[in-house]
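Numbering (mature numbering (1 follows the signal peptide of the UniProt record, and there is no 0)), first residue to last: -28 to -1, 1 to 343.
Worksheet for the structure shown next.
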Amino acid sequence: MKKRLMPIVTFITALLLIAVGCSQSPQAKEAPHQTKNGSSSKKGNLPNIKILATGGTIAGADKSKTSTTEYKAGAVGVDSLIQAVPEMEDIAHVSGEQIVNIDSQNMDNKTLLKLAKRVNELLRSDDTDGIVITHGTDTLEETAYFLNLTVKSEKPVVVAGSMRPSTAIGADGPSNLYNAVKVAAAPEAKGKGALVVLNDRIGSARYVTKTNTTATDTFKSEEMGYIGTIADDVYFNNIITRKHTKDTDFNIAKLKKLPQVDIIYGYQNDGGYLFDAAAKAGAKGIVFAGAGNGSMSDTAKKGAVKAVKNGLAIVRSTRTGNGAVTPNREFEKDRLLASNSLNPQKARILLMLALTKTDDPERLQTYFNEY
Ligand code: ASP
């Protein structure tokens, strides 16, 4: 009797085990710590994320906890930034390196090259899976776009900052840093170019810009939108079609210096002498922040045409904040280029890099059409 019951008991036990397995939610069957779209790895097999710190308000400090505008930027080192967010250790193996500790309005070409070279060096190694750069917000978009054009890797590169110093009530630095590490650790962040993370949003370095002097939701991209959000998990919603990282022509490995490119702001009663002054100071290119669709006063245009004749590259951008500057025939005949939808400060970054490849106006214009 017992012998005859044995196969039935085994069969029922097997059925029960299958049923228990099926009743688990799909998520529960996934590895622990895996986010809905798989953006964090399981513990023990965490990605290695390097934080390169450059200063800014995220590393700012003040005696007062209530002051959010009077503080010293770049006062706190990378180790303190990491220690302030121990939760990062649950989602990545985090290590830090101090590149500089400055206000980002003092970021210069030399430091930009140093940073980009270090990012490339780290990403070539199997020991680094992604990079987070902490940066002041004032010129963050310029550094992020420079990296977008010069990093030769598909691994995630995320630039983060904060609007409130580390000592303020409601400091946004710790959560921005945590989110940046989460994005850098996300497999979906690969191949998307340099990303900007603040205020629970993921922006493309090609599109986001600082839009507010003090508010925490300052980084926006009105026309393009964000490419993702962070709400515990990482969600990507948009794709970037412009060329970036591995697909660009720019290789800075051996570059010692970037050519000088200046920005001239267009306004009523502006003068052509501004172009002369820039040329005299050594500029190889000038971006003109024109009113409207890159328009120029007759006097500014005279100065610009003279500069082109003297071998400078002139790119018309716009001070409006949105929209593409179109290659109008009136300007094309004088070889005055159009920035497409790059704002003046990002057009400057692209023009510096493009001038390391060519000074031919047609080829320069192609870069602005494609990047
Ligand atoms: N002046 C600071 C900087 O850009 C402002 C900030 O980080 O928000 O470094």
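Backbone N, C-alpha and C define an ideal beta-carbon position, used for all residues, glycine too.
Since we're looking at a predicted model, the values are computed, not measured.
Near ligand 1: residue i beta-carbon under 6 Å from a heavy atom
{"i": "A45", "result": "yes"}
{"i": "G133", "result": "yes"}
{"i": "T185", "result": "no"}
{"i": "S76", "result": "yes"}
{"i": "D34", "result": "no"}
{"i": "G28", "result": "yes"}
{"i": "G142", "result": "no"}
{"i": "G165", "result": "no"}
{"i": "D189", "result": "no"}
{"i": "T109", "result": "yes"}
Strand pairing of residue i, partner residues [DSSP]
{"i": "D205", "result": "A203"}
{"i": "V297", "result": "N312"}
{"i": "K22", "result": "S67, I103"}
{"i": "E260", "result": "Inspection of the sequence shows that residue 260 is occupied by Phe rather than by Glu. F260 pairs with I236, R288."}
{"i": "V168", "result": "V131, G175"}
{"i": "S267", "result": "A263"}
{"i": "F191", "result": "K182"}
{"i": "I74", "result": "G27"}
is_contact[residue i, chain C] using C-beta, thresh 7 Å
{"i": "F247", "result": "Note that chain C does not occur in the displayed structure, where there is just one protein chain."}
Three or more beta-carbon pairs under 8 Å between the region 217 to 237 and the region 314 to 327, yes or no? yes
Enumerate, from N- to C-terminal direction, the unbroken alpha helix (DSSP H) stretches of 4 or more residues contained entirely within the region 81 to 159. 81 to 96, 112 to 122, 145 to 156
Check whether the region 141 to 158 touches the region 26 to 35, counting contact only when three or more Cβ pairs, one atom from each stretch, lie closer than 8 Å. yes
Count the CB pairs spanning the region 129 to 137 and the region 326 to 342 that are closer than 8 Å, and state whether there are at least three. no
Taking contact to mean 3 or more Cβ pairs, one atom from each stretch, closer than 8 Å, check whether the region 278 to 292 and the region 307 to 315 are in contact. yes
Would you check if there are 3 or more beta carbon pairs closer than 8 Å linking the region 162 to 174 to the region 199 to 210? yes
Taking contact to mean 3 or more Cβ pairs, one atom from each stretch, closer than 8 Å, check whether the region 43 to 53 and the region 67 to 74 are in contact. yes
Could you tell me whether the region 244 to 256 touches the region 272 to 279, where touching means 3 or more Cβ pairs closer than 8 Å? yes
List in chain order: all unbroken alpha helix (DSSP H) runs of 4+ residues lying wholly within the region 26 to 64. 50 to 55
Is the number of C-beta pairs between the region 291 to 308 and the region 248 to 258 that are closer than 8 Å three or more? no
Are the region 100 to 119 and the region 149 to 164 touching by the rule of at least three beta carbon pairs closer than 8 Å? yes
Is the region 210 to 218 touching the region 184 to 194, taking contact as three or more C-beta pairs under 8 Å? no
The region 112 to 123 / the region 83 to 98 touching (three or more Cβ pairs under 8 Å): yes
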